[in-house]
Each structure stands twice: as structure tokens, then as C-alpha cells.
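Peer 1: Below you'll find the structure I mean.
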Amino acid sequence: MITRPNEAGQARLGLAVGIKAAGNAVQRNRLKRLARESFRHAQQDLPPVDVVINARPVAGKSSSVEIRASLQSHWDRIVRRCARS
111 MITRPNEAGQ ARLGLAVGIK AAGNAVQRNR LKRLARESFR HAQQDLPPVD VVINARPVAG
171 KSSSVEIRAS LQSHWDRIVR RCARS
């Protein structure tokens, strides 16, 4: 996950899910759908940043519960880092 401050006034999401991360289109779309859903739930708590999620190959083999937990820990980390600044 890569984050950069933005001037838009709200958090924005970008996704990069390649064939190496999840073999076929069904798996790639599943990862993107889970990421978008998680982002929608966390968006009101996030500072105004651009977030780019770059899926890793292990994500294609992970369960939905593991992916949601991983994304939630990333959102929490972003909120903590921006609160310090």
C-alpha cells in the first residue's frame, strides 16, 4: 500500500491487481471488490490521502477474512501515522 497526501479533501483509492497477484480475472476482480468494500468502510476515518493498493501474489491464495483483516490493519496504520503528524 502506497499513500501520499492529496488536495482533494478526502481519501481516494487506486488499485493495481496484476496477473501475478491473482491468476485469472475472477480472482483479480474478487481482490478488487474486497479492497473497494474495505475502503468504503474506512474512508470516513482516513485523512485526505491517495492510497494505491498493489496486490501481492499471496493475496490470490488468501481467504476473504484474511484479506479484510490485512486491509483493516493497513487502514489503522494510516490513521495512526497521520494522527502523529
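So for the sequence shown, our numbering puts the first residue at 111; every next one is plus one. C-beta: ideal position from N, C-alpha, C; glycine also. Just so it is clear, the structure is predicted and the values come from calculations on it, not from any experiment.
How is the alpha helix (DSSP H) around D186 delimited, first residue to last?
Peer 2: That run of the alpha helix (DSSP H) goes S174 to R194.
Peer 1: According to the Cβ coordinates, are L141 and A165 closer than 8 angstroms?
Peer 2: Taking 8 angstroms as the Cβ cut-off, L141 and A165 qualify as a contacting pair.
Peer 1: Could you tell me whether the stretch 112 to 119 touches the stretch 147 to 154, where touching means 3 or more Cβ pairs closer than 8 angstroms?
Peer 2: Because the criterion of three Cβ pairs below 8 angstroms is not met, the stretch 112 to 119 and the stretch 147 to 154 do not touch.
Peer 1: Quick one: grab the DSSP three-state call for P167.
Peer 2: If DSSP states are grouped into helix, strand and coil, P167 belongs with the helices.
Peer 1: Since A126 is in the beta strand (DSSP E), which residue starts that stretch and which ends it?
Peer 2: It spans R122 to A126 - the beta strand (DSSP E) in which A126 sits, taken as one unbroken run.
Peer 1: I'd like the span of the beta strand (DSSP E) that includes I112, first residue to last.
Peer 2: Note, I112: beta strand (DSSP E), I112 to P115.
Peer 1: Determine contact between the stretch 123 to 130 and the stretch 173 to 186, defined as no fewer than three beta-carbon pairs at a distance below 8 angstroms.
Peer 2: No, the stretch 123 to 130 is not in contact with the stretch 173 to 186.
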